[in-house]
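Inspection log for the structure reproduced underneath, given as structure tokens.
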DNA sequence: CTGAAAGCGCTTACAG
DNA sequence: CTGAAAGCGCTTACAG
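Residue numbers (the UniProt record's numbering), protein chains in the order written: chain A, 1 to 341; chain B, 1 to 341.
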């Protein structure tokens, strides 16, 4: 049986109240009593029963995190940033994976709300179009922060990168090294970041007086290695002059490069490529991938920090005005866009 | 304010007791009352207060997971297997990262015990030599299952692969394709799987009447890409005839291959390589890496299953005899050991 | 079939 | 400086 306040009180012949106050350093307890209580507590290896504390204080120092996919370099970096920062502030993190499914995401939010976590961090599933489950969180006054894959219309704090700008920088880089016919492998239609990267690509073409041709835009349904291969095959059968591709995510880019290698098409001489995310893998393949570095760890850290502030504020019944933090990205130039291989 | 049993009771003019029993389908409540209570509960959107339930039932349906590193293909697969299986059984998972540090691991175990999780899953940090923190878990009668990086001497259930056998198969494969001077890049000295893989390598050499030369064994301190490059450099400066290397983990192998590529040394013609883990990356580099496939997802799944059984048993005060589950691995032959490139 | 009562282990407003 | 008491929201043994 675990030791309780009662055990300490009985041992010292004082009240439970005094024991509790002594342990929490209330000013109205004598030094002597405090010393005695603390000694006894550590002697008996007393640990407060968190279940009771939770019930009394109505908080569990636990937050929930829902992520589309854990086995994913970017997201696991974000997780790392989150639990790192959370631990510093004394919070634990329950992690759930939506598998890009709206239904699962919804169920998991219910789970976390039933669990009465102190706050929720979420990166949306690609499938999620309806936001009632997210508003449900806000209705219950549970602090919510969205990151990376967000819903613009939900009124909560967000941590994102400037996808449109990053995509513009990537596309401009292809133009700068001389590409004239630039294709784009985009993500699914719904996620905001997939849309923004596409818009950044399109705008940059037009800003440079290059023609935008919608048939040069290919969709990677599940953002996989295979998608990269099939998109390349499709593209090559439909277009002859493509000399550069801006690809929504590194994994697809790696698949694309593999297929180009197979076909003996030279990267970057025949077709230059820029990816997105800066997975570790990208620096290890041949040729090494030029890509946009996305600060996963920092995104996790900032997301928790925002959530933490909201938790504090909501405890004081003093809710914060939602805020959007935009993190910097940078272009990492490697072999798939440099001719000095 | 969240709805409580009391709210429902007052609305229906019955007792809290009856409401509670009706919701849990106790047989001694009339059908009519049950219907009424359930209707009202769903009308008011009643959710049991988990804090109160935890305090009463002394369980939280939450387990803790400590892992050395999250941003790691193998471990993130294990996490995936664990939370997947846990969710099916109605358990949530709190994840912590030890960063391969013994001190952190110890602190995190304290955290989880203070939190009174229903059970703990752990894969040990490389640094951990002392096991008192693990025995502390057992002393408090909290179910514990170790996986992958285990301590043989701790008396709990375990889920592992047969590292020695897998290493033997990898080494034998190098011998079978004709290698005569086989080096080994091993992991740090402490972890059991690093020891076992080394032993499998050594034994296989001897079984094949090849000489075991300890100077052909190099240590990768932090199992990094860089370790692979520096080990290769060191090895090439010390030995001339090496024609095969069995490398403890894929990331190091990828670094090794990169360095060999840089130096114009042909893989597998000059030096053949077998890795360990089957990271996604391994099938994407050039040449593609022959490796041992380690079933991460399944290891997570089995670990949770074992823990779940122990939780059930310990609730009935009927503790299980610790059990070790050994999962199968297989050799994936790719280009770094095949001459048909 | 229904309900009063005890109790899980804390915290804290209040009295002395 | 100390402590009795109420209460957080449930569950369940027991009485009727």
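Built from N, CA and C at the ideal position, the CB exists for glycine as well.
Keep in mind the model is a prediction, meaning the values are calculated, not measured.
Worksheet item: Looking at C-alpha atoms only, which residue of 95(A), 214(A), 333(A) is the closest neighbour of residue 78(A)?
Response: As a working mapping, residue 78(A) is identified with position 78 in the first chain. Proximity to residue 78(A) across 95(A), 214(A), 333(A) peaks at 95(A), based on C-alpha coordinates.
Discussion item. Between residue 256(B) and chain A, is any beta-carbon pair separated by less than 8 Å?
Written reply: Indexing the second chain from 1 puts residue 256(B) at position 256. Not closer than 8 Å to any Cβ of chain A, the Cβ of residue 256(B) fails to qualify, so no.
Worksheet item: Do you know offhand how far residue 340(B)'s Cα is from residue 268(B)'s?
Response: Taking the first residue of the second chain as 1, we reach residue 340(B) at position 340. Taking the first residue of the second chain as 1, we reach residue 268(B) at position 268. Reliability fails at residue 340(B), whose pLDDT of 44 lies under 50, so the model's placement of it is uncertain and no value is given.
Discussion item. Going by DSSP in three states, residue 22(A) sits in which element: helix, strand or coil?
Written reply: As a working note, residue 22(A) is residue 22 in the first chain. Here residue 22(A) sits in helix by DSSP.
Discussion item. Once DSSP output is grouped into helix, strand and coil, what is the label at residue 341(B)?
Written reply: As a position in the second chain, residue 341(B) is number 341, starting the count at 1. Because the pLDDT at residue 341(B) is just 33, under 50, the model does not fix this residue reliably, and the value given afterwards should be weighed accordingly. Of the three classes helix, strand and coil, the one that applies to residue 341(B) here is coil, per DSSP.
Worksheet item: Can you list the residues of chain B that residue 354(A) reaches, using a CB-CB cut of under 9 Å?
Response: Because chain A spans 1 through 341 in this model, residue 354(A) falls outside it and cannot be assessed.
Item to complete: For residue 29(B), write down the residues that DSSP places opposite it in a beta bridge.
Response: For the purposes of this step, residue 29(B) is taken as residue 29 along the second chain, with counting starting at 1. In the DSSP output, where bridge partners are listed per residue, residue 29(B) has none listed.
Worksheet item: Among all the DSSP beta bridges, which residues are the ones paired with residue 426(B)?
Response: Because residue 426(B) is not part of the residues shown, which for chain B are 1 to 341, the question remains open.
Worksheet item: Hey, how far is the Cα of residue 184(A) from the Cα of residue 104(B)?
Response: Locating residue 184(A) in the first chain gives position 184, where the first residue counts as 1. Locating residue 104(B) in the second chain gives position 104, where the first residue counts as 1. Looking at the two C-alpha atoms, the distance is approximately 45 Å.
Practice prompt. Under 8 Å Cβ to Cβ from residue 195(B), same chain only, skipping five residues before and after it: list those, please.
Written response: Within the second chain, numbered from 1, the residue matching residue 195(B) stands at position 195. Counting only Cβ-Cβ distances below 8 Å, and skipping sequence neighbours, we find 189.
Discussion item. Counting only Cβ pairs nearer than 8 Å, list the residues of chain A close to residue 49(B).
Written reply: Position 49 of the second chain, counting from 1, holds the residue named residue 49(B). 55, 116, listed in chain order.
Practice prompt. Figure out for me which residue from 61(B), 166(B), 23(B), 41(B) has the closest Cα to the Cα of residue 88(B).
Written response: Translated into the one-based positions of the second chain, residue 88(B) becomes position 88. That would be 61(B), whose Cα lies nearest to the Cα of residue 88(B).
Item to complete: Could you tell me whether the Cβ atoms of residue 151(B) and residue 200(B) are closer together than 8 Å?
Response: Counted from its first residue, the second chain places residue 151(B) at position 151. Counted from its first residue, the second chain places residue 200(B) at position 200. No, Cβ-Cβ distance for residue 151(B) and residue 200(B) is not below 8 Å.
Worksheet item: How would you call residue 323(B), buried or exposed, if buried means at least 16 neighbouring beta carbons within 10 angstroms?
Response: Along the second chain, one-based indexing puts residue 323(B) at 323. In the assembly as shown, residue 323(B) is an exposed residue. Its beta-carbon has fewer than 16 other beta-carbons within 10 Å.
Worksheet item: Does the beta carbon of residue 93(A) sit closer than 8 Å to a beta carbon anywhere in chain B?
Response: On the first chain, position 93 is the one that residue 93(A) refers to. Taking Cβ atoms only, chain B reaches closer than 8 Å to residue 93(A), which makes this a yes.
Practice prompt. Using a Cβ-Cβ cut-off of 8 Å, state whether residue 285(A) counts as contacting chain B.
Written response: Numbered from its first residue, the first chain carries residue 285(A) at position 285. By this cut-off, residue 285(A) is an interface position.
Item to complete: Check the Cβ of residue 83(A) against every Cβ in chain B and list those closer than 8 Å, keeping chain order.
Response: Your numbering for residue 83(A) matches position 83 in the first chain. Within chain B, the residues near residue 83(A) are 70, 95, 96, 97.
Discussion item. I want to verify the contact list: residues of chain A whose CB lies under 8 Å from the CB of residue 60(B), in sequence order.
Written reply: For the purposes of this step, residue 60(B) is identified with residue 60 of the second chain, where counting begins at 1. Ordered by position in chain A, the residues that pass the 8 Å Cβ test against residue 60(B) are 51.
Worksheet item: According to DSSP, is residue 89(A) helix, strand or coil?
Response: For this step, residue 89(A) is matched to residue 89 along the first chain. Coil.
Item to complete: Could you confirm whether any beta carbon from chain A is found closer than 8 Å to the beta carbon of residue 113(B)?
Response: In the second chain, residue 113(B) corresponds to position 113, counting from 1. Interface flag for residue 113(B) against chain A is set, since a Cβ pair is found closer than 8 Å.
Worksheet entry | For residue 158(B), the first and last residue of its enclosing beta strand (DSSP E) | Within the second chain, residue 158(B) is the residue found at index 158, counting from 1. In the DSSP assignment, residue 158(B) falls within the beta strand (DSSP E) that extends over 157-161.
Discussion item. Checking 8 Å against the spacing of the C-beta atoms, do residue 177(B) and residue 146(B) come in under that value?
Written reply: Indexing the second chain from 1 puts residue 177(B) at position 177. Indexing the second chain from 1 puts residue 146(B) at position 146. The Cβ atoms of residue 177(B) and residue 146(B) do not sit closer than 8 Å to each other.
Discussion item. Are the CB atoms of residue 274(B) and residue 181(B) within a distance shorter than 8 Å?
Written reply: Here residue 181(B) refers to the residue found at position 181 when the second chain is read from its first residue. Here residue 274(B) refers to the residue found at position 274 when the second chain is read from its first residue. Their beta carbons are not under 8 Å apart, which means residue 181(B) does not touch residue 274(B) by this criterion.
Worksheet item: In whole angstroms, what is the alpha-carbon distance linking residue 226(A) and residue 252(A)?
Response: To locate residue 226(A), count along the first chain from 1; it is residue 226. To locate residue 252(A), count along the first chain from 1; it is residue 252. Each residue's alpha carbon lies about 7 Å from the other.
Worksheet item: Should the region 210-221 of chain A be called in touch with the region 269-288 of chain A, which here means at least 3 C-beta pairs below 8 Å?
Response: No, they do not touch.
Worksheet item: Apart from the five residues on each side of it in sequence, which residues of its chain come closer than 8 Å, Cβ to Cβ, to residue 317(B)?
Response: Numbered from its first residue, the second chain carries residue 317(B) at position 317. When the five nearest sequence neighbours on each side are left out, no beta carbon in the same chain lies closer than 8 Å to the beta carbon of residue 317(B).
Worksheet entry | Extent of the continuous beta strand (DSSP E) to which residue 184(B) belongs | As a working mapping, residue 184(B) is identified with position 184 in the second chain. Segment 182-186, the beta strand (DSSP E) holding residue 184(B).
Worksheet item: So with Cβ pairs under 8 Å, would you call residue 265(B) a contact of chain A?
Response: As a position in the second chain, residue 265(B) is number 265, starting the count at 1. Interface annotation, residue 265(B): not in contact with chain A, CB-CB separation never under 8 Å.
Item to complete: Decide if the region 114-131 of chain A is in contact with the region 63-75 of chain A; the criterion is three or more beta carbon pairs, one per stretch, under 8 Å apart.
Response: Segments in contact, yes.
Item to complete: Provide the residue span of the beta strand (DSSP E) that contains residue 244(A), from first to last.
Response: Here the question's residue 244(A) lines up with position 244 in the first chain. 244-247 is the span of the beta strand (DSSP E), which, as asked, contains residue 244(A).
Item to complete: Let me know the secondary structure DSSP gives residue 144(A) once reduced to three states.
Response: Working through the first chain from its first residue, we reach residue 144(A) at position 144. Residue 144(A): strand per DSSP, three-state reduction.
Discussion item. Please state the DSSP three-state secondary structure of residue 308(A).
Written reply: Mapped onto the first chain, residue 308(A) falls at position 308. Here residue 308(A) sits in helix by DSSP.
Item to complete: Counting only runs of 4+ residues fully inside the region 27-86 of chain A, write out the alpha helix (DSSP H) ranges in chain order.
Response: For the alpha helix (DSSP H) assignment, the uninterrupted runs of no fewer than 4 residues enclosed by the region 27-86 of chain A are, from N- to C-terminal side, 31-43, 50-57.
Worksheet item: How far does the beta strand (DSSP E) with residue 272(B) in it reach, from first residue to last?
Response: Residue mapping note: residue 272(B) aligns to position 272 of the second chain, counting from 1. Looking at the DSSP string, the run of the beta strand (DSSP E) that includes residue 272(B) is 272-274.
Practice prompt. Take residue 63(A) as the anchor and find which of 19(A), 314(A), 307(A), 47(A) has the nearest alpha-carbon.
Written response: Here the question's residue 63(A) lines up with position 63 in the first chain. Checking every option, the nearest Cα to that of residue 63(A) belongs to 307(A).
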